[in-house]
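Inspection log for the structure reproduced underneath, given as C-alpha cells.
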Amino acid sequence: MNKNICALAAAVGSALLAAAAPAMADINVGISVCATGPGASLGIPEKNTVALFPTMIAGEKVNYIVLDDATDATQATKNARKFVSENNVDLIIGSSSVPPALAIAEVANESKTPQLSMSPIELAGDKNKWVFRTPQHNAVMAQALAEHMKANKVKTIGFIGYTDGYGEGWLKEMSKAAADAGMSVSVVERFNRTDTSVTGQVLRLVGAKPDVILVAASGTPSALPQLALLERGYKGQIYQTHGTATREFMRVGGKAVDGTILPVGPVVVAAQLPDSHPSKKLGLEYTRLYEEKYGAGSLSSFGAYAQDAYRIFAAAVPVALKKGKPGTPEFRLALRDAIESEKEIAGTQGVFNMTAGDHFGHDARSRVLVRVEKGDWKLINAQ
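Per mature numbering (1 follows the signal peptide of the UniProt record, and there is no 0), the sequence shown runs over residues -25 to -1, 1 to 358.
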C-alpha cells in the first residue's frame, strides 16, 4: 500500500514539474522564392537547398514553410502576410529577386519580423532595421571589377542593366568604383527583365565604342544583351555581375559567353580556392550535399545564398532563445539583435559580420573573380 502511495506521489510530482516548465513552441520560418517566372533560375536552387536544412537547432524543432512568389512583388507580399498572420513565423527568408524581396521587406518592417533577403536589396536607413541580406553588396563586387579593369588599362565602360533596383544599384556602385579608379561609365542603357530584344540599346552601345561593357542583370535574361552585342560585332571585354553566376546562363549563351568575366561568391569555385580560404571547406561540403541530392554539376551560387541564410539563422537562434520563446515578439526581436551582433559567421559565400550600419556584413573574403571557359567557371584570383 505504501509503495503504491509513493509511486502515485512521484507521478504527480513529475506531472507538476512538467507543467511548470512547458516545452518551447516550434520555431517557424517562412521562405518565399522565385520558383517560377523570370527569376526561376535563382529561386529553384534556393528552394532545393531548403530541403537540406536541419530541422533541429539548439534542441528546438524548426518548421520551414516554402512558397513560390513567381518573381512577382504582389505575390511576394501575399506570401509574407500569410507567413506573419497564419504561420506566426519568427523569420522570413526571401526572396530570390529584387522586386519581390523589396515587397517582403515592407511586411517585415511592418510586422517587426526579421528578414534574410537572398537578393541584394537597397533600403532607406529607417527601413533597414529588420532586413538583412546574404548576397554580397554590389559595392563589394563592383570594386573587384574596377580593379580588374584598371589593371587592364580600361578608360571607358559601357553599361546595360535592368530598369529596376538591381540595375540601378549596380549603375550607382559601378560609377563610383570606376571614378575612384580613374575610369568613367561613358554610355548607359537599360532593359526590362521580361524583354525579348535589346537591339536598339545594343546598337547605341556599340556605336559609343566603350573599352568594355558591363551587363547588370541576373539569371538567364543576362545572356540577352551579351548575345546581341556579339551579334553586332562588339569585340571588347564583356563583364557580368554575380547575378549571372548560373549554369543556365552558360547553357543559354553557349560558346558565345566564353571569356565573360564576373565576380562571384567563393562557393562557385570552392575546389579552386586556396586551402586557407575561410569558405573553402563549407563550400565543398555544401556542394557535396547539393549534388548528391540533385546531380553532378547542379550547384548554383544562388542556392548557396539560401544555405548562408540558414547558417546566419542557426548562429542567432541559441542567443535569441535566452531572451524569448519562439512565436513571440520578444523572440523575433532577440533573433534580429543576434543576427546583427554575432561576428565571424563563416558561410559558403564569405564571412558575415553584420553591424547596425551594415546589414550585408561582407568584406573582400566574399568575392572572387572568374572567367567563363568552355562552359565552366575558372578562378582568376581569390582575395
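Where a beta carbon is used, it is the ideal one built from N, C-alpha and C, also for glycine. Since this is a predicted model, take the numbers as computed values, not measurements.
Q.
Pairs of beta-carbons, one from the stretch 141 to 153 and one from the stretch 274 to 293, closer than 8 Å: are there three or more?
A. With fewer than three CB-CB distances shorter than 8 Å, the stretch 141 to 153 does not count as touching the stretch 274 to 293.
(Q) Let's see if you can read the secondary structure: which residues bound the alpha helix (DSSP H) around N193? (A) Checking the displayed sequence, the identity of residue 193 turns out to be Ser instead of Asn. Run containing S193: none; DSSP gives neither H nor E here.
(Q) Extract the residue ranges of the alpha helix (DSSP H) inside the stretch 286 to 329, only unbroken runs of 4 or more that lie entirely within it. (A) 304 to 316
Q.
Please state the DSSP three-state secondary structure of R108.
A. strand
Q. What are the boundary residues of the alpha helix (DSSP H) that includes T30?
A. Neither: T30 is in no alpha helix (DSSP H) and is coded neither H nor E.
Q. Between the beta-carbon of H337 and the beta-carbon of Q111, is there less than 8 Å?
A. yes
Q) Cα separation between G69 and I40? A) 12 Å
Q) Quick one: Cα of A51 to Cα of F134, how far? A) A straight-line Cα-Cα distance of about 29 Å links A51 and F134.
Q) Residues bridged to T131 by DSSP? A) S159
Q: Report yes or no: do the stretch 286 to 297 and the stretch 311 to 327 share at least 3 C-beta pairs separated by less than 8 Å?
A: yes
**Q.** First through last residue of the alpha helix (DSSP H) which encompasses L204
**A.** A198 to E206
Q: Have a look at I67 and A55 and give me their C-alpha separation to the nearest angstrom.
A: 7 Å
**Q.** Bridge partner(s) assigned by DSSP for I67
**A.** G5 and Q90
Q: Output the distance between the C-alpha atoms of Y141 and G258, rounded to the nearest integer angstrom.
A: 26 Å
Q) Within the chosen definition, does the stretch 72 to 92 reach the stretch 120 to 133 through at least 3 CB pairs nearer than 8 Å? A) no
(Q) Nearest by alpha-carbon distance to D283: which of E260, T303, L199 and L296 is it? (A) E260
Q: Could you tell me the distance, in whole angstroms, from the CA atom of T330 to the CA atom of G322?
A: 17 Å
Q: Determine which residues share a DSSP beta bridge with N356 and list them.
A: L344
**Q.** Same chain only: Cβ atoms within 8 Å of A156, ignoring 5 sequence neighbours per side
**A.** A121, E122, M124 and K125
Q. To the nearest angstrom, how far is it from the Cα of S60 to the Cα of V227?
A. Whole-angstrom Cα-Cα distance: 40 Å.
Q. Quick one: what's R165 bridged to in DSSP?
A. G136
Q. For D65, which of M116, N3 and V239 has the nearest alpha-carbon?
A. Looking at M116, N3 and V239, the one whose alpha-carbon comes closest to that of D65 is N3.
**Q.** G350 - DSSP class collapsed to helix/strand/coil
**A.** coil
Q.
According to DSSP, is Y214 part of a helix, a strand, or is it coil?
A. strand
Q) Mapping DSSP to helix, strand and coil, what is Y39? A) strand
Q.
I'd like to confirm the pairing. Which residues does DSSP put opposite L237 in its beta bridges?
A. V345
Q: Return helix, strand or coil for D333, following the three-state DSSP convention.
A: strand
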